[in-house]
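What follows is a short report on a single structure.
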Amino acid sequence: MQYFTKTIIAATMAIGLTAPLAAQADFPTQELRIIVPFSPGGSTDIMARLIVPMLKEQGVTAVVENLPGGGSAVGMGQVATAKPDGYTIGLASSSLLSLIAQEMVPFKKDAYTDLVRFSEDPLILLVKGSSEFKDLTSFMDHMKANPGTVTIGTPGTNNVNHAMAELTNRAGEGDYRHVTYPGGSRVIAEILGGQIDAGVLKPSETMAQMEAGEMRALGVYRNGRIESLPDVETFAEAGYNLFESGELAQVTFLTAPAGLDPAVRDRLIEIFSTAVMSDEFQEFSTVYGFIADGLSGDELETYNSELMQALEVAASEIFTDS
Numbered sequence: 173m174q175y176f177t178k179t180i181i182a183a184t185m186a187i188g189l190t191a192p193l194a195a196q197a198d199f200p201t202q203e204l205r206i207i208v209p210f211s212p213g214g215s216t217d218i219m220a221r222l223i224v225p226m227l228k229e230q231g232v233t234a235v236v237e238n239l240p241g242g243g244s245a246v247g248m249g250q251v252a253t254a255k256p257d258g259y260t261i262g263l264a265s266s267s268l269l270s271l272i273a274q275e276m277v278p279f280k281k282d283a284y285t286d287l288v289r290f291s292e293d294p295l296i297l298l299v300k301g302s303s304e305f306k307d308l309t310s311f312m313d314h315m316k317a318n319p320g321t322v323t324i325g326t327p328g329t330n331n332v333n334h335a336m337a338e339l340t341n342r343a344g345e346g347d348y349r350h351v352t353y354p355g356g357s358r359v360i361a362e363i364l365g366g367q368i369d370a371g372v373l374k375p376s377e378t379m380a381q382m383e384a385g386e387m388r389a390l391g392v393y394r395n396g397r398i399e400s401l402p403d404v405e406t407f408a409e410a411g412y413n414l415f416e417s418g419e420l421a422q423v424t425f426l427t428a429p430a431g432l433d434p435a436v437r438d439r440l441i442e443i444f445s446t447a448v449m450s451d452e453f454q455e456f457s458t459v460y461g462f463i464a465d466g467l468s469g470d471e472l473e474t475y476n477s478e479l480m481q482a483l484e485v486a487a488s489e490i491f492t493d494s
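494 is the number that the numbering used here gives the last residue of the sequence shown; the numbers go up by one with no jumps.
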């Protein structure tokens, strides 16, 4: 009897150990639903749709569903409340982290299981190509010498772009005027039309204008230079420390509901890491000026937690004073 009991226990333990492996090997058995919390045609939507055929090469089918609204709150709310089976996932961004940090949504970061980072899209300060400002120092000196006259536009408010504009103003010891627009394309149009002096935007949405000489990048909002813009200095290199409370970054990452089976989590990381690190996606990232390093799993969770802390400071100190 004792031998029989030990055998049953051993068999049960063996099943328990192999079940996650089987789940990982079999998943997915149906179509994945990738929620994009922004309108079709934007950078996040483009990345999601580029990934889909790469998944098909791995035998995985997926459909992209756009659920815009609330600065990503609508779509990411759907992800947070979805069944944690791995079949509903979302392409989140710094916008989500910023909303959570400011308690502007009814859920917290622990509502998600972070999977793979698609991009780190460093922000840059840009002016019109014919602008009198040829470098970052001349712009910052002008801002200090002419308080209340310099205008900087951003797509949206109370987000990372807005925080960068506020930090620029503080570093320049000026009194700038912030102008907000519903999207990056409007900021670009206003810069080109001479309605505003500068904008805080992504290289991926301004590369064509920079290559045509219509716009000029003055400074990079990160600790290191951007590979696609090697001649553009960082704010730190120009002598401005913007990140005393931690570096702020514009990132896009794949996330799932909390409570995901660890084996399913690992399988999703494997599938999407393969796609992000593929030659095709890496070439895409180079052309559009963002970094695709495929940071994943626990490392991504740690990174996002640190970014959240920095965004909490931005929410409590930067936006409340702006």
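Just so you know, even glycine gets a beta-carbon here, dropped at the ideal spot from N, CA and C.
For Lys-300, the three-state secondary structure derived from DSSP is strand. Residue state for Ser-270 is assigned as helix, using DSSP reduced to three classes. Counting C-beta atoms within 10 angstroms of its own C-beta, Thr-340 has 16 or more neighbours from the protein chains shown and is therefore classed as buried. For Gln-454, the CB contacts under 7 Å within the same chain, skipping 5 residues up- and downstream, are Ala-464 in chain order. Put simply, the region 222–242 touches the region 445–452. At least three CB pairs are less than 8 Å apart.
At a Cβ-Cβ threshold of 7 Å, Ala-389 and Ile-296 count as neighbours.
Using a C-beta cut-off of 8 Å, the region 397–413 makes no contact with the region 467–484, since fewer than three inter-stretch Cβ pairs fall below that distance.
Rounded to the nearest whole angstrom, the C-alpha separation of Asn-395 and Met-336 is 13 Å.
Two segments are said to touch when three or more pairs of C-beta atoms, one from each, lie closer than 8 Å; by this definition the region 289–306 touches the region 366–385.
DSSP, reduced to helix, strand and coil, places Thr-216 within a helical segment of the structure shown.
With fewer than 16 other Cβ atoms inside 10 Å of its own Cβ, Ser-310 counts as exposed.
Judged by DSSP in its simplified three-state form, Asp-293 adopts coil rather than helix or strand. Judged by DSSP in its simplified three-state form, Val-322 adopts coil rather than helix or strand.
Nearest to Ile-360 by alpha-carbon distance, out of Tyr-348, Ala-380, Gly-346, is Ala-380. Under the three-state reduction of DSSP, Glu-478 is assigned to helix.
DSSP places Glu-377 within a helical segment (H, G or I) once states are collapsed to three. Linking Ile-441 to Gly-214 through their CA atoms gives a straight-line distance of about 24 Å.
It is roughly 14 Å from the alpha-carbon of Ser-357 to the alpha-carbon of Asn-333.
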